[in-house]
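Residue numbers (my numbering), protein chains in the order written: chain B, -16 to 97; chain E, 9 to 125.
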Amino acid sequence: GAGVSQSPSNKVTEKGKDVELRCDPISGHTALYWYRQRLGQGLEFLIYFQGNSAPDKSGLPSDRFSAERTGESVSTLTIQRTQQEDSAVYLCASSLEGWAPAQYFGPGTRLTVL
Amino acid sequence: AQTVTQSQPEMSVQEAETVTLSCTYDTSESDYYLFWYKQPPSRQMILVIRQEAYKQQNATENRFSVNFQKAAKSFSLKISDSQLGDAAMYFCAYRLNSGGSNYKLTFGKGTLLTVNP
């Protein structure tokens, strides 16, 4: 079946603008994750959704970051009033359940804030 | 807090040769998973191999194998018969298997592997 998809692939925006990044998980996967990858760094956990449970937002770096997920489908990550330090690749992953060991990643969205 | 350290920012290997990538981690837990992910220029993170901490036997997947030393908290990846398609950034990652936040992956900073023809 289809893997995790993300859009847009690349996004260039001006400082202070809002951006929305989209993630389509693998069909049937109840768990969804967002990670951030800064240049030359590993991935940092941002947020986790599991079914209809309250999400774990503990990794969101500031209140400018928010994410939503409707049921077990698409998720959007919104960054308000973007700053240059927000420039990074944002990766989404999904897994069958939160306890499932394997997380499957999408190709990411490269965000550049000018 | 758990940390994952990859001490080799870059490695290179000749095609058909063997290369070993190093990873160490710090945790006070006993039940966890360790992973190696590959990230080619396409950015897609691909799971290469997984090791459950309770298993003494080292995991293998075709040309990829690990050397898991639980007491030393070491988890190295060996790539045998290296191919040009193995060139990528490799990330070591850790995840709890039980308890709160057992879904979070903690990543190292990665090792860039170059394969020379």
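Every residue, glycine too, gets a C-beta built ideally from N, C-alpha and C.
| Asked | Found |
| --- | --- |
| Residues bridged to E:Lys112 [DSSP beta-bridge criterion] | Answer is none; E:Lys112 lacks a bridge partner. |
| Test: E:Phe99 CB closer than 7 Å to a CB of chain B | yes |
| Per-residue burial, B:Arg19 [other beta carbons within 10 Å of its own, 16 or more giving buried] | buried |
| Helix, strand or coil at E:Leu92 according to DSSP, with G and I counted as helix | helix |
| Among E:Gln16, E:Ser90, E:Phe99, E:Thr68, nearest to E:Pro125 - alpha-carbon criterion | E:Ser90 |
| Cβ separation of B:Glu3 and B:Gly34, assumed to be a contact under 8 Å, to the nearest whole Å | Between B:Gly34 and B:Glu3 the Cβ distance is about 23 Å, and since that is not below 8 Å, they are no contact. |
| Reduced DSSP secondary structure (H/G/I, E/B, other) of E:Glu18 | strand |
| CA-to-CA distance, E:Glu69 to E:Asn75, given in whole angstroms | 13 Å |
| Segments of 4+ residues assigned as alpha helix (DSSP H) that fall wholly inside the stretch 16 to 92 of chain B | none |
| Closer than 8 Å at the beta carbon, the chain D residues around B:Phe28 | You won't find chain D in this structure, because its protein chains are B and E. |
| Reference B:Leu15; option with closest CA among B:Arg21, B:Arg5, B:Leu22 | B:Arg5 |
| Alpha-carbon spacing of E:Met53 relative to E:Leu42, whole angstroms | 15 Å |
| Assigned secondary structure, B:Asp7 (DSSP; H/G/I helix, E/B strand, else coil) | strand |
| Any chain B beta carbon closer than 7 Å to E:Tyr41 | yes |
| Cα-Cα separation between B:Glu80 and B:Ala37, rounded to whole angstroms | 14 Å |
| 7 Å Cβ cutoff, E:Gln52 in contact with chain B | yes |
| Short CB-CB distance (under 7 Å) between B:Gly81 and chain E | yes |
| B:Ala50 classed as buried or exposed, judged by whether at least 16 other C-beta atoms fall within 10 angstroms | buried |
| Environment of B:Asp39 [buried if 16+ CB atoms lie within 10 Å] | buried |
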